[in-house]
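Enquirer: In our numbering, the protein residues as written are 38 to 226.
Take a look at the following structure, please.
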Amino acid sequence: MTDPLPLTGRSGLPAEIAYLRDRYPQAGWQAHPRYGQLAAFWLHIHATLRSEAAALTTTTDLLRGRQIDPAAFQRRFVPELNGFLQHLDAHHRIEDTAYFPRFRVLDPRMGVGFDLLERDHHAIHDALLTTVERARTLLASLAGTGIEQAADNYADASGRLIAMLRQHLADEEELVIPAMLEHGERAVG
């Protein structure tokens, strides 16, 4: 079965999936009386994931631009990558096992959107595996030759992963935060 709205070809969600978006536009989220700690935390986690992804890109760009030596790159890159991967995995696990099922119960119309987000999680996981493989190759190359090619290959895979993640996070926010504003945080928390 092909995905009717694949993550890699998406630039937003159609109104029939993000049906609460117009009622609760992003500009008014924080001022809404039902915007609370859970919504703020959700957005904070997403901002942190974006920041961690940007840090990895910066570190890789330093290596590619020969502004950091391989040993310093490795000392910086390995903890950044491990932290990002662990954070992303934990966030998606909690969503898939705890939060997404609760949203589905609140309003069955949300099912289509959360099916889409779960498919995104699988696509992101596949891209993540490729990125990790390229990261391992890059780290192995640091002691010898081929650093430039390995860094370019990693940067390509990482760039695809990060682009997918950015779109997914934006789409998820358009479903989750309006749903919290509509139903209240206690209904999902």
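Even glycine gets a Cβ: it sits at the ideal position worked out from N, Cα and C.
Do you know how far the Cα of Trp-79 is from the Cα of Leu-176?
Expert: 33 Å
Enquirer: Please report the distance separating the alpha-carbon of Ile-54 from that of Met-147.
Expert: Their backbone Cα atoms lie some 7 Å apart in a straight line.
Enquirer: Any chance you could list the alpha helix (DSSP H) runs of at least 4 consecutive residues sitting entirely within the stretch 96-168, in chain order?
Expert: Qualifying alpha helix (DSSP H) stretches, in chain order: 107-131, 137-143.
Enquirer: In chain order, what residues of the same chain have a beta carbon less than 7 Å from the beta carbon of Ser-178, not counting five sequence neighbours either side?
Expert: Ile-184, Ala-187
Enquirer: Rounding to the nearest angstrom, what Cα-Cα distance links Leu-93 and Phe-114 in this structure?
Expert: 7 Å
Enquirer: Go through its chain and collect everything with a Cβ distance to Met-201's Cβ below 8 Å, but skip five positions before and after it.
Expert: Hits under 8 Å: Leu-44, Thr-45, Asp-157, Ala-160, Ile-161, Ala-164.
Enquirer: Between the beta-carbon of Thr-85 and the beta-carbon of His-124, is there less than 8 Å?
Expert: His-124 sits close to Thr-85, with the two beta carbons spaced by under 8 Å.
Enquirer: Exposed or buried, Gln-204, counting other C-beta atoms within 10 Å across all chains shown (16 or more means buried)?
Expert: When all chains shown are included, Gln-204 counts as buried.
Enquirer: Leaving out five residues on either side along the sequence, give the residues of the same chain with a beta carbon under 8 Å from the beta carbon of Glu-117.
Expert: Glu-89, Ala-92, Leu-93, Thr-96
Enquirer: Going by beta carbon distance, what residues of the same chain come within less than 6 Å of Ser-195, once the five residues before and after it are set aside?
Expert: Thr-168
Enquirer: May I ask which residues mark the beginning and end of the alpha helix (DSSP H) holding Asp-59?
Expert: It is not in any alpha helix (DSSP H) - Asp-59 carries neither H nor E in the DSSP assignment.
Enquirer: Any idea if Val-213 is buried or exposed, counting beta-carbon neighbours within 10 angstroms, 16 or more meaning buried?
Expert: buried
Enquirer: Is the stretch 68-77 touching the stretch 96-105, taking contact as three or more C-beta pairs under 8 Å?
Expert: no
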